[in-house]
Each structure stands twice: as C-alpha cells, then as structure tokens.
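J.: Going by this note's numbering, the letters in the sequence shown line up with residues 5 to 355, in that order.
Quick reminder that beta carbons are idealized off the backbone N, C-alpha and C, glycines included.
Quick caveat: nothing in here was measured; it's all calculated off a predicted structure.
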Amino acid sequence: QIKEIAQFLTPETRPDIKLPAIEFIAGLTGSPQSAILIAKNRAIIDAAINLTTDEVDGVADAAYTVLVNITGDGNTAEYLCKQAYIELLLRYASLSTAKYADKACMILCNLSRVAEGCDMSMKVLQSQSGRKYFQQLLIAFCRSDYNKDATYHHVAAFLANITQSEAARKWILCKDDMIIVKFLPYMQYYDSLVRRRGIIAVVRNCCFENDYNDWLLSEEVDILPHLLLPLAGPEELKQEETDCLPLDLQYLGDDKVREPEADLRIMLIESLMQLCATKSCRMYIKEKMAYAILRELHQWEKNDEVILACEKLIQILIGDEPEAEMENLRNVEIPDNYRVIDTPNTAVNDK
Numbered sequence: 005q006i007k008e009i010a011q012f013l014t015p016e017t018r019p020d021i022k023l024p025a026i027e028f029i030a031g032l033t034g035s036p037q038s039a040i041l042i043a044k045n046r047a048i049i050d051a052a053i054n055l056t057t058d059e060v061d062g063v064a065d066a067a068y069t070v071l072v073n074i075t076g077d078g079n080t081a082e083y084l085c086k087q088a089y090i091e092l093l094l095r096y097a098s099l100s101t102a103k104y105a106d107k108a109c110m111i112l113c114n115l116s117r118v119a120e121g122c123d124m125s126m127k128v129l130q131s132q133s134g135r136k137y138f139q140q141l142l143i144a145f146c147r148s149d150y151n152k153d154a155t156y157h158h159v160a161a162f163l164a165n166i167t168q169s170e171a172a173r174k175w176i177l178c179k180d181d182m183i184i185v186k187f188l189p190y191m192q193y194y195d196s197l198v199r200r201r202g203i204i205a206v207v208r209n210c211c212f213e214n215d216y217n218d219w220l221l222s223e224e225v226d227i228l229p230h231l232l233l234p235l236a237g238p239e240e241l242k243q244e245e246t247d248c249l250p251l252d253l254q255y256l257g258d259d260k261v262r263e264p265e266a267d268l269r270i271m272l273i274e275s276l277m278q279l280c281a282t283k284s285c286r287m288y289i290k291e292k293m294a295y296a297i298l299r300e301l302h303q304w305e306k307n308d309e310v311i312l313a314c315e316k317l318i319q320i321l322i323g324d325e326p327e328a329e330m331e332n333l334r335n336v337e338i339p340d341n342y343r344v345i346d347t348p349n350t351a352v353n354d355k
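1. Since A154 and A102 should fall inside the 8 Å C-beta cutoff, what is the C-beta to C-beta distance between them, to a whole number of angstroms?
2. Which stretch, first to last residue, makes up the alpha helix (DSSP H) that contains T69?
3. Just to confirm my understanding: we take Y137, look at its own chain, exclude 5 residues before and 5 after, and list those with CB closer than 7 Å. What are they?
4. For a test of the three-state rule: what should DSSP assign to C285, helix, strand or coil?
5. Is it true that the CB of N114 sits closer than 8 Å to the CB of A144?
6. Give the single residue among D106, K86, C146 whose Cα lies nearest to the Cα of A119.
7. Go ahead and label C280 buried or exposed: buried means 16 or more other beta carbons lie within 10 angstroms of its beta carbon, across all protein chains shown.
8. To the nearest angstrom, how far is the alpha carbon of V310 from that of L272?
9. Thinking just about the alpha-carbon of each residue, which of E315, P229, Q303, L256 is nearest to the one in Y288?
10. Looking at C-alpha atoms only, which residue of S222, Q192, C146, V60 is the closest neighbour of S284?
11. Where does I322 land, buried or exposed, given buried means 16+ other C-beta within 10 angstroms?
12. Is it right to say V261 is buried, meaning 16 or more other beta carbons lie within 10 angstroms of its own, or is it exposed?
13. Please name the residue in T17, G237, V70 whose C-alpha comes closest to that of I42.
14. Return the residue from the list Q319, P264, Y194 that minimises the CA-CA distance to W304.
15. Give the secondary structure of R147 by DSSP, where H, G and I count as helix, E and B as strand, and everything else as coil.
16. Have a look at D258 and L249 and give me their C-alpha separation to the nearest angstrom.
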C-alpha cells in the first residue's frame with residue numbers, strides 16, 4: 005500500500021489527492037515501527053523532500069513532518085547526508101520568513117547525529133555560503149522576534165552535535181565574536197528543555213578546549229556562575245563559604261531549585277571537571293568555593309550517576325595538588341575506573 009501511495013506524492017498531483025496521501029504517510033511515521041518501514045522506501049523519502057516546497061496548504065507541513073520522523077533512523081539520516089540537501093536546509097532555516105524553520109532545524113539535528121552527517125554539516129558550514137547561514141542561524145536563535153513561525157530551539161541541539169568537531173568549538177569560542185557569552189543565559193532557560201539541554205552540551209563540549217579555559221573563567225566570559233547556579237539549591241552555607249562564592253550564588257533564597265534533569269547535572273559537573281584540568285583554572289574554582297555547592301548537591305542528589313560524577317569532582321577540589329610535572333590533568337594517565345570523560349559530548353537528539 006505504501007508503494008502505491010508514492011505515485012501520488014508529486015507536485016503535479018491534484019491537491020485533493022496528494023494532501024491526504026502525504027498526511028497519511030506523516031501519520032504513519034508517528035509510530036517508530038512504521039517510521040522505520042517507510043524510511044526504507046527511497047521513493048517516499050525523495051517525494052517528501054520535493055513536497056516541502058509545495059504551495060498547497062498543509063502539504064509542505066506534512067512533508068516536513070515525515071522527514072523529521074524518518075531521519076530519527078540512522079540509515080535514513082546517512083542517506084540524506086548529502087551536501088546539497090544540508091545546504092538547502094541551512095539556507096531555508098536561516099530565512100526569517102521560513103514557515104517550517106523549526107522542522108528544518110529538527111532534520112538538521114537528526115542528520116548531524118550520525119558521523120557522516122556531522123562531517124557533511126561542517127563541510128557545508130565551512131564554505132563561504134555556509135558561514136553566512138551559520139551566522140544567520142545564530143541571530144535567529146538569540147532573537148525571539150526573528151521569525152513569527154519559529155522558536156529555533158533545535159538550533160541548540162544541532163550546535164551540540166556539530167561541536168563534537170574542534171572547528172565548530174573554536175567558532176563558538178572565537179574571542180572576537182563572543183558567541184559563547186550569548187549562549188550562557190540559555191543554560192537556565194526553563195521554557196525549553198531542548199534549548200537548555202543543547203546549550204549545556206555545547207558549553208560542555210567547548211570546555212574541552214583547554215587553551216580557552218582561563219578566558220572562559222575570566223571576567224570577560226565569567227562562565228563559573230553559569231555552571232554552578234543550576235547545581236545550587238536553597239541550603240544556607242557558612243558565612244565564610246558564602247563570601248567566597250561568585251556574587252550570583254550568594255544568598256539564593258529558600259525557593260532556589262536545582263536543574264531538574266539528571267543528565268544535564270552530569271554535563272555541568274563534567275564541564276567543571278574539564279575546567280579543572282589546568283592548575284590556574286583549578287585554583288580559581290577552588291577559591292570560588294565551588295566545593296560548597298557540590299557538597300550540598302551531593303547530599304541532596306538521588307541519582308547514582310550524578311553522585312559518582314560529583315564525588316570525582318569533589319576529590320579534585322579537596323585533594324592535594326599534584327606534583328609540578330602532573331599539574332595538567334589532561335596529560336596524566338588515569339585508570340579507566342576513575343575516568344569521567346575523555347571525548348566531547350555525543351550527539352543530542354531532541355525531536
């Protein structure tokens with residue numbers, strides 16, 4: 005039946021036929037099992053791409069829905085990881101008049117989950133036109149009034165995926181553009197878990213670039229409060245501890261709540277771990293009494309994985325400083341059972 009429907013999914017087909025046909029396919033892709041089945045049909049995939057520009061009301065919307073759902077399948081994502089298609093998505097998503105920009109961003113997120121898609125996305129973004137689309141997407145992401153039909157929350161998930169690449173991390177960390185500073189407020193953006201999770205993953209990935217860590221902790225960026233604040237609760241600390249904390253963490257009040265998602269708490273802790281790799285950054289984090297925040301988190305925490313990550317970071321903060329030749333923890337051989345992280349964050353997939 006699906007193969008028979010494919011013949012009606014053309015721009016030339018009468019509206020009263022192609023609209024119910026593509027809506028039927030979109031409905032099927034709402035089921036994971038059916039989505040995988042449809043994803044194996046290349047004719048359906050190609051037809052859906054062609055219908056994303058259809059002028060009949062509802063057809064393009066349904067076509068984008070099909071593509072969002074089936075690109076969750078790795079094989080389909082790999083099939084669509086073509087330079088021309090990724091460039092098409094980036095160009096469309098960056099338009100302030102793009103009605104389905106959010107769905108285009110979701111597809112980009114799904115495609116960049118797979119290695120081939122991440123590599124191809126970076127290839128496109130490193131071109132002259134690609135950099136222009138990238139800059140426009142960043143503007144759209146940071147401006148709530150950019151496109152009346154889109155939120156651009158999934159740009160964060162796309163960025164989390166491509167910052168597995170060193171080149172993308174260095175774009176975000178460019179000291180002239182200060183992109184990372186624009187992202188920091190979204191680490192506590194509770195109106196969208198997709199945006200918040202994506203940006204925390206981006207920040208975590210960028211903390212692997214140790215050459216930038218002193219700059220990240222400097223007043224110019226001031227990343228430490230943004231990492232600690234989501235981990236802080238309403239507990240009252242000793243006065244001498246409070247006085248050492250970054251200003252934004254002093255006297256938080258009885259209504260202060262921690263980041264509710266365990267995986268995000270882990271990423272925040274892992275970001276701090278990376279910043280502790282060099283002695284200068286480690287000493288600064290100690291001086292700012294990060295230990296007190298983590299101590300209270302450890303007592304409150306119920307998730308075993310978060311507890312383990314927290315304990316490893318606390319050990320670094322309260323333990324003796326290593327010998328001079330071992331001051332950079334990234335250069336120290338660590339047994340596997342003590343290793344927390346050694347590669348940038350894996351792909352974010354938020355549909």
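T.: By the coordinates alone:
1. 7 Å
2. 63-74
3. L94, R95, S98
4. helix
5. no
6. K86
7. buried
8. 10 Å
9. P229
10. S222
11. exposed
12. exposed
13. V70
14. P264
15. coil
16. 17 Å
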